[in-house]
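Here the structure is laid out as structure tokens; the discussion comes afterwards.
Protein chains: 2
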Amino acid sequence: MTAPPTSLRERKKAKTRAAIREHAMRLFEEQGYAQTTVDQIADAAEVSPSTFFRYFPTKEDVVLIDDVDAVLIDAVRAQPAEVPPVEAIRRAMRQVFDDMSPETWEFERRRQRLVLGVPELRARMLQQMTDAIDMVAAVIAERAGLPSDDFSARVTAGATVGALLAVLPSGGVGHIEGVTPGDYQRLEKALTLLQDGLPLG
Amino acid sequence: MTAPPTSLRERKKAKTRAAIREHAMRLFEEQGYAQTTVDQIADAAEVSPSTFFRYFPTKEDVVLIDDVDAVLIDAVRAQPAEVPPVEAIRRAMRQVFDDMSPETWEFERRRQRLVLGVPELRARMLQQMTDAIDMVAAVIAERAGLPSDDFSARVTAGATVGALLAVLPSGGVGHIEGVTPGDYQRLEKALTLLQDGLPLG
DNA sequence: TTGCTTTTGACAGTTACTCTCATTTCATGG
DNA sequence: CCATGAAATGAGAGTAACTGTCAAAAGCAA
Numbered sequence: 001m002t003a004p005p006t007s008l009r010e011r012k013k014a015k016t017r018a019a020i021r022e023h024a025m026r027l028f029e030e031q032g033y034a035q036t037t038v039d040q041i042a043d044a045a046e047v048s049p050s051t052f053f054r055y056f057p058t059k060e061d062v063v064l065i066d067d068v069d070a071v072l073i074d075a076v077r078a079q080p081a082e083v084p085p086v087e088a089i090r091r092a093m094r095q096v097f098d099d100m101s102p103e104t105w106e107f108e109r110r111r112q113r114l115v116l117g118v119p120e121l122r123a124r125m126l127q128q129m130t131d132a133i134d135m136v137a138a139v140i141a142e143r144a145g146l147p148s149d150d151f152s153a154r155v156t157a158g159a160t161v162g163a164l165l166a167v168l169p170s171g172g173v174g175h176i177e178g179v180t181p182g183d184y185q186r187l188e189k190a191l192t193l194l195q196d197g198l199p200l201g
Numbered sequence: 001m002t003a004p005p006t007s008l009r010e011r012k013k014a015k016t017r018a019a020i021r022e023h024a025m026r027l028f029e030e031q032g033y034a035q036t037t038v039d040q041i042a043d044a045a046e047v048s049p050s051t052f053f054r055y056f057p058t059k060e061d062v063v064l065i066d067d068v069d070a071v072l073i074d075a076v077r078a079q080p081a082e083v084p085p086v087e088a089i090r091r092a093m094r095q096v097f098d099d100m101s102p103e104t105w106e107f108e109r110r111r112q113r114l115v116l117g118v119p120e121l122r123a124r125m126l127q128q129m130t131d132a133i134d135m136v137a138a139v140i141a142e143r144a145g146l147p148s149d150d151f152s153a154r155v156t157a158g159a160t161v162g163a164l165l166a167v168l169p170s171g172g173v174g175h176i177e178g179v180t181p182g183d184y185q186r187l188e189k190a191l192t193l194l195q196d197g198l199p200l201g
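Residue numbers (the UniProt record's numbering), protein chains in the order written: chain B, 1 to 201; chain H, 1 to 201.
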């Protein structure tokens, strides 16, 4: 994915970053998000609290940094032009999920479980999702040769993301396990439903 | 809307609550959300900071308490059973907006402007919106005589809320004015589009 | 007025985050 | 290999959003 860092400095930075993230995730899982303080994370990762904030602007960001979205958008963009929008998104999704290494998959799973379980994180994830709507809308419009802020492209994007969102395991209920293969099937089914026309009117 | 409180105690509480909210909104508008401290709000409303937190669990909640959603859901539920879901939502929306007093409308406008302009608030508003998805899904299912967690009802609800969300003035862009009559027309147009079938495939 | 309950304010403590400054750690040209 | 500049780190002080406790004040009811 990312080009291997050359200098020693870069390598150290990457290591530190990874260490902070790993210990943070572990502690969150062990004791809960709210119960884990930044100081504890810093201690575990053997850095000072100052350094923690140099790597992640907020405690939330440790779990929220997401590199999947961008990849997905690119995959949509790469679909042949004659494929209609929702179908393109579906294919892109399958492609990205299939290409994901088991470790990445596992990591994403842990991340999702955490984020979905903590209301504050959930909220910020939704924010990312609206950003995703913007990007999806732009791609849909682009593929159709429309201006990037085209109204119906936005509505389509919104409906798509909303449909996907509705299918994600919702908080509160209790048994949150992150996105499982079963969830993935539900995601695809939701898109199919949207494509074939909802029972709306 | 709400039954007039009887005892002196109740009246005082309502007054205090209103005062805190009003001063908070004013200060937020004047100096910005982040620049306004809870202490300042408490000072302006002539209560102690302790009291502030007794009335509102967090600083965010001063602007986030929303009583429109519940009304909307009820309005949807009140539509005749033969009206298809998205159409029912559309009618309910029109009804609720039409019934809103000018003061309520103005207040909502100020509130929306604030919320949409501040990322943290925006995020939490989205959280409320997903709760709305849940409720909308339940109503849709209920109207169709399906179990309240029916899959296609959820997808429909998600797509609907997502479409509406996509049409709201997005942050970042700059000129946020809250929901205007123009925005309302856009909301209706989005629903029409969704009903008539999106250019999806 | 006299008790009882609710509301309030003062205060101390925790935690996430910000800023500043001195020290250490790496990179590099000689 | 070393001197010099740049970048990363740690320490510490400060702010602001909360939380919990306790005693004083205000409404209520007899």
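C-beta atoms are modelled at their ideal positions from N, C-alpha and C, and glycine is treated no differently.
| Item | Value |
| --- | --- |
| Cβ shell of Arg21 (chain B) (< 7 Å), same chain only, five flanking positions each side left out | Val62 |
| 6 Å Cβ shell around His175 (chain H) - same chain, five flanking residues per side excluded | At His175 (chain H) the pLDDT is 39, less than 50, meaning the model places this residue with poor confidence; the figure from the coordinates comes in the next sentence. Excluding positions up to five away in sequence, the list is empty. |
| Cβ pair Gly117 (chain H), Gly158 (chain B) closer than 8 Å | no |
| Alpha helix (DSSP H) segment containing Glu29 (chain B), residue limits | 8-31 |
| Minimum Cβ-Cβ distance from Ile176 (chain H) to chain B less than 8 Å | Annotation note: pLDDT 43 at Ile176 (chain H) (below 50); position unreliable, coordinate value reported separately. Judged by the 8 Å Cβ criterion, Ile176 (chain H) is not in contact with chain B. |
| Straight-line Cα distance separating Glu60 (chain H) from Leu121 (chain H) | 7 Å |
| Distance between beta carbons of Ala141 (chain B) and Asp150 (chain B), contact taken as under 8 Å | 4 Å |
| Touch test, the region 14-31 of chain B against the region 43-55 of chain B, Cβ-Cβ under 8 Å, three pairs minimum | yes |
| Whole-Å CB distance - Val76 (chain H) paired with Ala88 (chain H), under 8 Å assumed | 5 Å |
| C-alpha gap between Ile41 (chain H) and Arg54 (chain H), whole angstroms | 14 Å |
| Residues within the region 109-126 of chain H neighbouring chain B, beta-carbon criterion of under 8 Å | Pro119, Arg122, Ala123, Arg124, Leu126 |
| Residues of its chain near Gly172 (chain H), where Cβ-Cβ distance is below 8 Å and the 5 sequence neighbours each way are ignored | Summary for Gly172 (chain H): the model assigns pLDDT 38, below 50, so the residue's position carries little reliability; its value from the coordinates is reported in the next sentence. Same-chain partners within the cutoff: there are none. |
| C-beta contact flag for Ala190 (chain H) and Arg143 (chain H) at 8 Å | no |
| CB contact check: Ala190 (chain H) to chain B, cutoff 8 Å | yes |
| Residue of B:Arg11, B:Leu165, B:Leu126, B:Gln128 minimising C-alpha distance to Ala137 (chain H) | B:Leu165 |
| Distance, Thr36 (chain B) Cα to Lys15 (chain B) Cα | 22 Å |
| Coarse secondary structure for Arg54 (chain B), derived from DSSP in three states | helix |
| Helix, strand or coil at Met100 (chain H) according to DSSP, with G and I counted as helix | coil |
| Contacts around Leu194 (chain B), its chain only, beta-carbon distance under 7 Å, and the 5 residues preceding and following it disregarded | Val86, Ala159, Thr160, Ala163 |
| Same chain, Cβ closer than 7 Å to residue 203 (chain H), five either side skipped, listed in chain order | In the structure displayed, chain H extends from 1 to 201; residue 203 (chain H) sits before or after that span and is not available. |
| Unbroken alpha helix (DSSP H) run spanning Ile41 (chain H), endpoints | 38-45 |
| CB contact below 8 Å: Thr130 (chain H) versus chain B | yes |
| Residues near Tyr184 (chain B) by beta carbon distance below 7 Å, same chain, minus five either side | Phe97 |
| Cβ neighbour criterion (16 or more within 10 Å) applied to Glu30 (chain H) | exposed |
| Test item: CB-CB of Arg90 (chain B) and Glu188 (chain B) under 8 Å | yes |
| Residue-chain proximity (Ile73 (chain H), chain B), Cβ-Cβ < 8 Å | no |
| Three-state class that DSSP yields for Pro84 (chain H) in the structure shown | coil |
| Leu27 (chain B) classed as buried or exposed, judged by whether at least 16 other C-beta atoms fall within 10 angstroms | buried |
| Partners in chain H for Ala159 (chain B), counting only beta-carbon separations shorter than 7 Å | Ala159, Gly162, Ala163, Leu194, Leu198 |
| Which of helix, strand or coil DSSP assigns to Glu60 (chain B) | coil |
| Any chain H beta carbon closer than 8 Å to Val139 (chain B) | no |
| Where the alpha helix (DSSP H) containing Pro147 (chain H) begins and where it ends | Run containing Pro147 (chain H): none; DSSP gives neither H nor E here. |
| C-beta neighbour in chain B for residue 271 (chain H), strict 8 Å | An answer regarding residue 271 (chain H) cannot be provided, because it is not within the stretch 1 to 201 covered by chain H. |
| Extent of the continuous alpha helix (DSSP H) to which His133 (chain H) belongs | His is not the amino acid found at residue 133 (chain H); the sequence shown has Ile there. Taken as a continuous stretch (DSSP letters only), the alpha helix (DSSP H) holding Ile133 (chain H) covers 119-143. |
| Inter-residue spacing [alpha-carbon to alpha-carbon] between Leu146 (chain H) and Val83 (chain H) | 15 Å |
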